[in-house]
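> If you read the sequences in order, they're chains L and P. Residue numbering for the first sequence follows our numbering, starting at 1 and increasing by one per position. Residue numbering for the second sequence follows our numbering, starting at 350 and increasing by one per position. All C-beta atoms in this analysis are idealised placements derived from N, C-alpha and C, irrespective of residue type, glycine included. Please read all numbers here as calculations on a predicted model, not as lab measurements. Here you go, one structure.
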Amino acid sequence: MSPSEAAPVLRHQADGFALSAVGVSAGYGGGRRSRDVLHDIDLSVPAGQTLGIVGESGSGKSTLARALVGQLRPSAGKILLGDVEISALRGRRLRENRRRIQLIPQDPYASLDPRMTIRRALYEAIDPQGRRPAQAAARISELLATVSLDPDVASRYPHEFSGGQRQRIAIARALAVQPEVIIADEVTSALDSSVQAEVLNLLRSIQARTAITMLFITHDLSVANYMCDEVAVLYLGRLVEKGSSRLLFSPDHPYTRRLVDSIPNPRAGLSGLSAPEITGGEGADPANPPAGCAFHPRCPNGPRLRDDRERCITERPELLPRWDDTGDGDHRSAACHFPLSEVRAGLGD
Amino acid sequence: MTTSKRRKPFALWLGAALLLALSVLAVVAPIIWGDSAAALSSEVRGGPSAEHLLGTDPLGRDVLDRTLVAARLTLAMAAVTTLIAVGGGIVLGATIVVAGRRVRGLGERLIDLMIAYPPIIVALSITAIFRPSVGSVVVAIGLAFVPQFARLTNTLASSVSSKDYVVVARLVGLRPTRLLFRHVIPNLAGPLLVLTSVGFASAIITLSGLSFIGLGVQEPSYDWGRLLAQALQDLGVNPIEAFGPGIAILITGLAAGLLGDGLNQFLDPRGPVRRRRRRRAATSGGADARTPHAALLAPAPDAVVSVRDLTIAASPESVGAPLVRGVSLDVRAGEILGIVGESGSGKSLTAMAIARLLAPGLHWSAETLSINGADVSDAREQTPVRLATDVGVVFQDPSSCFNPARHVGPQITEVARVHQGLSKRAANELAIERLREARVSSPEVRMRQYPHELSGGMRQRAMIAMALLTSPSLLIADEPTTALDVTVQADVLQLLHRISTTRNMAIVLISHDIKVVSTLCHRVCVMYAGRIVEELTVEDLREGRVCHPYTRALLDAAPRLEPSARQVPLIPLPGRPPQPDQPIVGCAFADRCPLVTDRCRQEDPALRALPRGGVAACHVSTGPLEDLLVTQ
Ligand SMILES: Nc1ncnc2c1ncn2[C@@H]1O[C@H](COP(=O)(O)OP(=O)(O)O)[C@@H](O)[C@H]1O
Ligand code: SF4
Ligand code: SF4
Ligand SMILES: [Mg+2]
Numbered sequence: 001m002s003p004s005e006a007a008p009v010l011r012h013q014a015d016g017f018a019l020s021a022v023g024v025s026a027g028y029g030g031g032r033r034s035r036d037v038l039h040d041i042d043l044s045v046p047a048g049q050t051l052g053i054v055g056e057s058g059s060g061k062s063t064l065a066r067a068l069v070g071q072l073r074p075s076a077g078k079i080l081l082g083d084v085e086i087s088a089l090r091g092r093r094l095r096e097n098r099r100r101i102q103l104i105p106q107d108p109y110a111s112l113d114p115r116m117t118i119r120r121a122l123y124e125a126i127d128p129q130g131r132r133p134a135q136a137a138a139r140i141s142e143l144l145a146t147v148s149l150d151p152d153v154a155s156r157y158p159h160e161f162s163g164g165q166r167q168r169i170a171i172a173r174a175l176a177v178q179p180e181v182i183i184a185d186e187v188t189s190a191l192d193s194s195v196q197a198e199v200l201n202l203l204r205s206i207q208a209r210t211a212i213t214m215l216f217i218t219h220d221l222s223v224a225n226y227m228c229d230e231v232a233v234l235y236l237g238r239l240v241e242k243g244s245s246r247l248l249f250s251p252d253h254p255y256t257r258r259l260v261d262s263i264p265n266p267r268a269g270l271s272g273l274s275a276p277e278i279t280g281g282e283g284a285d286p287a288n289p290p291a292g293c294a295f296h297p298r299c300p301n302g303p304r305l306r307d308d309r310e311r312c313i314t315e316r317p318e319l320l321p322r323w324d325d326t327g328d329g330d331h332r333s334a335a336c337h338f339p340l341s342e343v344r345a346g347l348g349d
Numbered sequence: 350m351t352t353s354k355r356r357k358p359f360a361l362w363l364g365a366a367l368l369l370a371l372s373v374l375a376v377v378a379p380i381i382w383g384d385s386a387a388a389l390s391s392e393v394r395g396g397p398s399a400e401h402l403l404g405t406d407p408l409g410r411d412v413l414d415r416t417l418v419a420a421r422l423t424l425a426m427a428a429v430t431t432l433i434a435v436g437g438g439i440v441l442g443a444t445i446v447v448a449g450r451r452v453r454g455l456g457e458r459l460i461d462l463m464i465a466y467p468p469i470i471v472a473l474s475i476t477a478i479f480r481p482s483v484g485s486v487v488v489a490i491g492l493a494f495v496p497q498f499a500r501l502t503n504t505l506a507s508s509v510s511s512k513d514y515v516v517v518a519r520l521v522g523l524r525p526t527r528l529l530f531r532h533v534i535p536n537l538a539g540p541l542l543v544l545t546s547v548g549f550a551s552a553i554i555t556l557s558g559l560s561f562i563g564l565g566v567q568e569p570s571y572d573w574g575r576l577l578a579q580a581l582q583d584l585g586v587n588p589i590e591a592f593g594p595g596i597a598i599l600i601t602g603l604a605a606g607l608l609g610d611g612l613n614q615f616l617d618p619r620g621p622v623r624r625r626r627r628r629r630a631a632t633s634g635g636a637d638a639r640t641p642h643a644a645l646l647a648p649a650p651d652a653v654v655s656v657r658d659l660t661i662a663a664s665p666e667s668v669g670a671p672l673v674r675g676v677s678l679d680v681r682a683g684e685i686l687g688i689v690g691e692s693g694s695g696k697s698l699t700a701m702a703i704a705r706l707l708a709p710g711l712h713w714s715a716e717t718l719s720i721n722g723a724d725v726s727d728a729r730e731q732t733p734v735r736l737a738t739d740v741g742v743v744f745q746d747p748s749s750c751f752n753p754a755r756h757v758g759p760q761i762t763e764v765a766r767v768h769q770g771l772s773k774r775a776a777n778e779l780a781i782e783r784l785r786e787a788r789v790s791s792p793e794v795r796m797r798q799y800p801h802e803l804s805g806g807m808r809q810r811a812m813i814a815m816a817l818l819t820s821p822s823l824l825i826a827d828e829p830t831t832a833l834d835v836t837v838q839a840d841v842l843q844l845l846h847r848i849s850t851t852r853n854m855a856i857v858l859i860s861h862d863i864k865v866v867s868t869l870c871h872r873v874c875v876m877y878a879g880r881i882v883e884e885l886t887v888e889d890l891r892e893g894r895v896c897h898p899y900t901r902a903l904l905d906a907a908p909r910l911e912p913s914a915r916q917v918p919l920i921p922l923p924g925r926p927p928q929p930d931q932p933i934v935g936c937a938f939a940d941r942c943p944l945v946t947d948r949c950r951q952e953d954p955a956l957r958a959l960p961r962g963g964v965a966a967c968h969v970s971t972g973p974l975e976d977l978l979v980t981q
């Protein structure tokens, strides 16, 4: 390994990150037909913290999750998990390290094998070699108790449970592996809002108790705000803003602003909702994003509405550290030529 | 929890019994009827008679006996053929799936190539190369079907391997072979059994076909195919001769199909279960609570929609409580009424009853159900035309409401052309105008596109345009934003608001998300277990002045986008709403309610005006509940 290649690994470890992506691109379709839908992602999750990944559907959130757990081989970049570069591993070594990072998928109706009882599913997670260790039964009861399910349910099949219960079983299975990192991909979006709170609280209490590192993927910023220490905003496969989750209350990127303003806010009523979107920008293809700033066809500060913003079409803004005007001393970065904090401070015009 | 017990499907029994009978026949028939089937008689090509039930062949042999005796050879050949075809196919198909990426690509291309040749041609070539015989024809047909089964196994296995539960099992660290045997094959077993039975049936037919053209079984052996071939030569003279072998082939195919299908159902843990039916409770809750609610609402002559005492049940004698119990509501012009509650609380049923779009099996009754003052509650009175033009409906999933095979335009204009008799041109112009109103970009282009060519938000707007086409006085929007991104949701909510003000239209907005209804609506009805448990203005809802413990719980469970939200834990709602087959005694919310008292378990509270203000159905609450945690 050359010194320059070793550098990100060392920095990742020295800064106490549990999981890092360094310049990761990934996509679908093999060989010459492959199309990247994720471009040049840099992010790090400090050990024991929760990083939220937010963005609209199709922005690449699930693709990122699949790349991070090694389901999808990145076409560029590396993924560092603790002390190993997991994206470089294959075969047996990969299988051994895979257990250190677990995924809770979005759809509770697809994530459990319909022909396996809950007990067998948990057994398998505890010991995939099938040696059936003696303590396994006790451990299964303990896991079910952790997710507030009765140990008696272990002999049932997945179809006998509601969506919220299945999601708790999926969480129990992820915990059974005792991973260092858990990736939760839209785990509450298929649930009724009354059940959502239960699953969110469960994940929060698990994290408080075990100091597990978590990547929490959601399209709902009020959920991200509740769950996450830090957030990263994805738009068409690129990170456009990241930093402490407090940035949601004074975003620098117009896309983050748009997401924030879209959350129904009962106190503000309709006036709190953002002005309707400029039409024509929807349905962009992440494998073939617009030139320059990919958000420019939809941006309310961009070239569609202002003549002096030619630059947004010709030059892609880089994700750069930003000055934080909230006084919290938070670190944050945004990829915009005309960040909102500068507009607010009168520097941008 | 309902106790459930697996039931063996009838198809399984029938198929297994038939195949067992056929197998027994195959073993014993040549022993019993072997001699009589070979015996010649003078009655050549005879019709049915007492001695020869199915007639005789050109040599005067009994057709029934010969059909029975031929069962052994036919079934044995079909079994071996199926074994070769299915076995070879599964091995080839599964090997390709577990192999590395390179081998997989190569193998799939090879199968593509092989599948291009029809099996019958392959079988013919193989038998032509070797001498026609029982052995060669079985091997030939078996091999000819291998590529098809390999392809099917391969497709099934790859679809199972991309399922979330296989992905998760891989992350847990399962080795590929274990993954294959534990998750992939068991979930393939069902479809493969069906496939095997189909394979068996087609083996019988193909074998018979080859024997028929003389490439299969050779004299003096005979199978059903040869018998049929003989019979078809005599068809003009003695049609009954074909009956025996024909029906035998048919029954065998049927038995195989039934067995495969039955096994598939039986092996699936989600398959048909028998639920222990609960006895109907002596007191069915809700009935007495209906009248006070209706009386509470003053008659509203200016209402666009007026509903009193709407009750909907699965069937008059169904177990459990009715699905909707005594709902009364009014919506005025220009007003947006929100209905909020968990899934299964009866929101959609209520709305569909108003639109008169209830599923046929449901029984409903109402004291009043009027739209624009016209009574539509009489089930016999047919007013579909008025309803189609008076009420517009927008559903949760726009993609399931458009026919994917037709252009968007004609689907939007259908109502206007059919019910209002507009010309095609006029209807198109109207549709374009409505699409523009719903902020659909380039409406002329969209009209000529297929639904899948529109983004999700665009489809939802097109559906709103369709609902507005006939300028209805009421728009029902059932979870119109649940399937959408937050950004698109915000746009759709803005759009509904604009429609309500510019058209002075009455809108009923249904959502499980209390934040959505409190953002858009003027008035909100909270539904729980088929009843309205609280009715309040949006101002009260926004300020948190809610009176029913259920409404309070919905608010406390919803995350807010506020800086302090992280420090204040959400309060989840414990338990689940009552299931539809459960009778309801007392307050339906009692099992989940922090304020529950003994009285709540006996008496169903009526919706009433509370002493300290507010309208709710609760024995305990006297007015706005601040914070349940504090109250406790
Ligand atoms: N299996 C797949 N094959 C091809 N394209 C895919 C596949 N899965 C997702 N995509 C595409 O990748 C992009 C990002 O998708 P995804 O990561 O699922 O986004 P999100 O999770 O943010 O909704 C989308 O354009 C989507 O259509
Ligand atoms: S770079 Fe330009 S178009 Fe992109 S977000 Fe910033 S202002 Fe908008
Ligand atoms: S009637 Fe009783 S159980 Fe029902 S909501 Fe009121 S306090 Fe709770
Ligand atoms: Mg996703």
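Taking 8 Å as the cut-off, does the region 539-558 of chain P touch the region 147-154 of chain L (at least 3 CB pairs, one atom from each stretch)?
no
> Buried or exposed: where does Val873 (chain P) fall if 16 or more other Cβ atoms within 10 Å of its Cβ makes it buried?
buried
> Does the CB of Ser222 (chain L) have a neighbour CB from chain P at under 7 Å?
yes
> For the alpha helix (DSSP H) containing Phe498 (chain P), list its first residue and its last residue.
483-510
> Is the beta carbon of Ile859 (chain P) sitting closer than 7 Å to the one on Lys696 (chain P)?
Contact annotation: Ile859 (chain P) and Lys696 (chain P) have beta-carbon atoms nearer than 7 Å.
> Any beta carbon of chain L sitting closer than 7 Å to that of Gly879 (chain P)?
no
> Taking C-beta to C-beta, are Gly972 (chain P) and Cys870 (chain P) nearer than 7 Å?
no
> Looking at the strands, I want to know which residues DSSP matches up with Gln102 (chain L).
L:Ile182
> Answer yes or no: does any C-beta atom of chain A fall closer than 7 Å to that of Glu198 (chain L)?
Here the protein chains are L and P, and chain A is not one of them.
> On the three-pair Cβ rule with 8 Å, is the region 291-304 of chain L touching the region 208-223 of chain L?
No: the two stretches stay apart, fewer than three of their Cβ pairs being nearer than 8 Å.
> Quick check: what's the CA-CA separation for Leu441 (chain P) versus Gly563 (chain P)?
31 Å
> Taking Cβ positions, are Trp382 (chain P) and Leu424 (chain P) nearer each other than 7 Å?
Not in contact: Trp382 (chain P) and Leu424 (chain P) (Cβ atoms no closer than 7 Å).
> Taking 7 Å as the CB-CB limit, is Ala335 (chain L) close to chain P?
No, Ala335 (chain L) lies away from the interface with chain P (no Cβ there is under 7 Å from its Cβ).
> Just tell me which of P:Gly522, P:Pro540, P:Ala493, P:Leu520 has its CA closest to the CA of Ala506 (chain P).
P:Pro540
> Please report the Cβ distance between Ala906 (chain P) and Leu919 (chain P), rounded to the nearest whole angstrom; I am assuming they are in contact, meaning their Cβ atoms lie under 8 Å.
Contact holds; Cβ gap of about 6 Å.
> Show which residues of chain P have a CB atom less than 8 Å away from the CB atom of Leu248 (chain L).
Leu910
> Cα-Cα, which of P:Gly690, P:Ala652, P:Ala715, P:Asp679 is closest to Ala662 (chain P)?
From the listed residues P:Gly690, P:Ala652, P:Ala715, P:Asp679, the smallest Cα separation to Ala662 (chain P) is found for P:Ala715.
> What would DSSP say about His712 (chain P), mapped onto helix, strand or coil?
strand
> Regarding Pro321 (chain L) and ligand 2, is the C-beta to nearest heavy atom distance less than 6 Å?
no
> Are the region 10-30 of chain L and the region 59-72 of chain L touching, with three or more C-beta to C-beta distances below 8 Å?
yes
> In its own chain, which residues sit with a C-beta less than 7 Å from the C-beta of Arg35 (chain L), not counting the 5 before and 5 after it?
Gly27, Tyr28, Gly29, Ala287
> Just to check my reading of the structure: Ala348 (chain P) and Ala472 (chain P) have Cβ atoms closer than 8 Å, yes? What is that Cβ distance to the nearest angstrom?
Only positions 350 to 981 of chain P appear in the structure, and residue 348 (chain P) is not among them; the question remains open.
> For the alpha helix (DSSP H) that Asp40 (chain L) lies in, which residues bound it at each end?
Element bounds for Asp40 (chain L): not the alpha helix (DSSP H) but the beta strand (DSSP E), 35-46.
> Rounded to whole angstroms, what is the Cα-Cα separation between Asp461 (chain P) and Thr444 (chain P)?
Using only the alpha carbons, I get a separation of about 16 Å.
> Go ahead and pull the three-state DSSP assignment for Ala14 (chain L).
helix
> For chain L, find out if any of its Cβ atoms is closer than 7 Å to the Cβ of Leu363 (chain P); answer yes or no.
no
> May I ask you to check if the CB of Pro317 (chain L) is nearer than 6 Å to at least one heavy atom of ligand 6?
With respect to ligand 6, the structure shown offers nothing to examine, as its ligands consist of ligand 1, ligand 2, ligand 3 and ligand 4.
> Taking the continuous beta strand (DSSP E) assigned at Ser655 (chain P), which residues delimit it?
652-662
> Shorter than 7 Å from the beta carbon of Leu226 (chain L) to some beta carbon of chain P?
The question names Leu, but residue 226 (chain L) in the sequence shown is Tyr. Chain P, which has a Cβ nearer than 7 Å to the Cβ of Tyr226 (chain L), makes this yes.
> With a Cβ-Cβ cutoff of 7 Å, do Thr52 (chain L) and Ala211 (chain L) count as a contact?
Rather than Thr, the amino acid found at residue 52 (chain L) in this sequence is Gly. Their beta carbons are not under 7 Å apart, which means Gly52 (chain L) does not touch Ala211 (chain L) by this criterion.
> Roughly how far, in whole angstroms, is the beta-carbon of Arg674 (chain P) from the beta-carbon of Thr660 (chain P), given that I think they are within contact range, below 8 Å?
Cβ atoms of Arg674 (chain P) and Thr660 (chain P) come within 8 Å of each other, at about 6 Å.
> Short of 7 Å Cβ to Cβ, which residues in the region 671-698 of chain P face chain L?
Glu691, Ser692
> Less than 6 Å separating the Cβ of Cys942 (chain P) from some heavy atom of ligand 3?
yes
> If I'm right that Val887 (chain P) touches Ser867 (chain P) with Cβ under 8 Å, what's the distance once you round it to whole angstroms?
6 Å
> Just the chain P side, please: which residues come within less than 7 Å of Asn288 (chain L) by C-beta, in chain order?
Near Asn288 (chain L) there are no residues of chain P at all, since even the closest Cβ is about 15 Å away, more than 7 Å.
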